[in-house]
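Participant: Residue numbers are given in numbering that gives the first Met the number 0: position 78 of the sequence shown equals residue 77, and the series is strictly consecutive. Sending over a structure as structure tokens; questions will come in a sec.
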Amino acid sequence: MKDYKILVRNISIVFIMLLLIPITTWLIGWQWSSSQSYNFLDLILFIVTESGSAPYFALITSLILSIWLSMRCKLLKHHWVVIFLSVFLLQGTTQVIKSTIKTLWEEPRPYMSYMIEEGIKIEPFYELSRKERGIIIQETLQEDTTTPQWLKNHWQKETGYSFPSGHTIFAVMWAFIIVGFLTREKDPKTALIMGIMIIWAGLMMISRMRLGMHFPVDLFVSTVIGYPIALFFFYFLAKRDTLIDGAFNEPAPKKQNVTPET
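Below is the structure:
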């Protein structure tokens, strides 16, 4: 289980680094405002956020990362079928948890404060279908010349609840998956790839706040949800490895010499 301890260390580094994003946001007192202006960097953040947008972009991202990880992993125990099933299980489980909490919590998104200023009533709004909500937001933003069109379109599409963040869980879990499997592989570039995944997931989290989609607490809880699930999953794989290795390395029973009777 020595390798598992190294895995826990690496995943914990990712966890702590990403958790610093909402914590830092709390400490500096930043919050989304309808009066903020947007620039080219915000468009870059929007592109990052779209890499985790369901269903199509998130599916494409998952497919690309799954294929890449399968090609990167050389050990037989990390066959591509194992990789794909692991991704399906971990991403599926965390997204179900996210959707369940959203249904129970029913927290409006930050940008809805702008919609309230424009006269939208919260309770009747959320009683409508997602399509009807999108139409109302479109009509409300017709006279708005400050908000970029790409962000208006994003708001019209993302009319669900805020807490917790599905995009954050998606990106964080992918960071855990890749770092976990590469650590098990003893891949020499694990540290470099871990840094890249932290940057991508971190930008995903920042984009969700910057674009008015989530509060810091949404990101914090989403990251916390993924951490124990990832550790438990890789612990299960480590125990499976131990059982398999024990079965194959078990010494064969000694043959007993039988003296023939005279």
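Glycine included, C-beta positions come from ideal geometry on N, C-alpha and C.
Buried or exposed for Leu-17, please, with buried defined as at least 16 other CB atoms from any protein chain shown within 10 angstroms of its CB.
Facilitator: So Leu-17 counts as buried.
Participant: Out of Leu-103, Lys-73, Val-47, which one is the CA nearest neighbour of Pro-163?
Facilitator: Residue Leu-103 is the option with its Cα nearest to Pro-163.
Participant: Give me the Cα-Cα distance between Thr-158 and Ile-121, rounded to the nearest whole angstrom.
Facilitator: Whole-angstrom Cα-Cα distance: 12 Å.
Participant: Among Ile-27, Thr-146, Lys-76, Pro-21, which has the Cα closest to the Cα of Ser-36?
Facilitator: Answer by Cα proximity: Thr-146.
Participant: Going along the chain, which unbroken runs of the beta strand (DSSP E) with 3 or more residues stay wholly within the stretch 55 to 125?
Facilitator: Correct list: empty.
Participant: By the 10 Å Cβ neighbour count, where 16 or more other Cβ atoms means buried, how is Thr-222 classified, buried or exposed?
Facilitator: Thr-222 is buried by the Cβ-count criterion.
Participant: Got a sec, what are the start and stop residues for the alpha helix (DSSP H) Ser-161 sits in?
Facilitator: Careful: Ser-161 lies outside any alpha helix (DSSP H) and carries neither H nor E.
Participant: Since I believe Phe-175 is in contact with Ala-237 (beta carbons under 8 Å), could you give me their beta-carbon distance rounded to a whole number of angstroms?
Facilitator: Contact doesn't hold; Cβ gap of about 15 Å is too wide.
Participant: How should Ala-53 be labelled, buried or exposed, when 16 other C-beta atoms within 10 angstroms of its C-beta is the threshold for buried?
Facilitator: Ala-53 should be labelled exposed.
Participant: Rounded to whole angstroms, what is the Cα-Cα separation between Val-95 and Phe-180?
Facilitator: Looking at the two C-alpha atoms, the distance is approximately 23 Å.
Participant: Please work out which residues of its chain come closer than 8 Å, Cβ to Cβ, to Asn-107, disregarding the five sequence neighbours upstream and downstream, and give them in chain order.
Facilitator: Checking the sequence shown, residue 107 turns out to be Pro, not Asn. Only Ile-121, Tyr-125, Tyr-160, Ser-161 meet the Cβ criterion.
Participant: So what does DSSP say about Gln-155, is it helix, strand or coil?
Facilitator: Looking at Gln-155 - three-state DSSP - the assignment turns out to be helix.
Participant: What's the C-alpha gap between Phe-219 and Ile-59?
Facilitator: Cα-Cα distance, rounded: 26 Å.
Participant: Can you list, in chain order, the residues of its chain whose CB lies under 7 Å from that of Ser-65, leaving out five sequence neighbours each side?
Facilitator: Counting only Cβ-Cβ distances below 7 Å, and skipping sequence neighbours, we find Ile-82, Phe-83, Val-86.
Participant: Among the residues of its own chain, which have a CB less than 6 Å from the CB of Trp-31, if the five just before and after it don't count?
Facilitator: So the list reads Pro-109, Gly-211, once near-sequence residues are dropped.
Participant: Using three-state DSSP, classify Gln-30 as helix, strand or coil.
Facilitator: Note: Gln-30 maps to coil in three-state DSSP.
Participant: Give the list of continuous alpha helix (DSSP H) stretches no shorter than 4 residues that lie fully inside the stretch 167 to 208.
Facilitator: If we require 4 residues or more, the stretch 167 to 208 turns out to have no alpha helix (DSSP H) run fully inside it.
Participant: If we count the other Cβ atoms within 10 Å of its Cβ and call it buried at 16 or more, is Lys-4 buried or exposed?
Facilitator: Counting Cβ neighbours within 10 Å, Lys-4 comes out exposed, since fewer than 16 surround it.
Participant: Hey, would you say Thr-93 sits closer than 7 Å to Ser-206, going by beta carbons?
Facilitator: Taking 7 Å as the Cβ cut-off, Thr-93 and Ser-206 do not qualify as a contacting pair.
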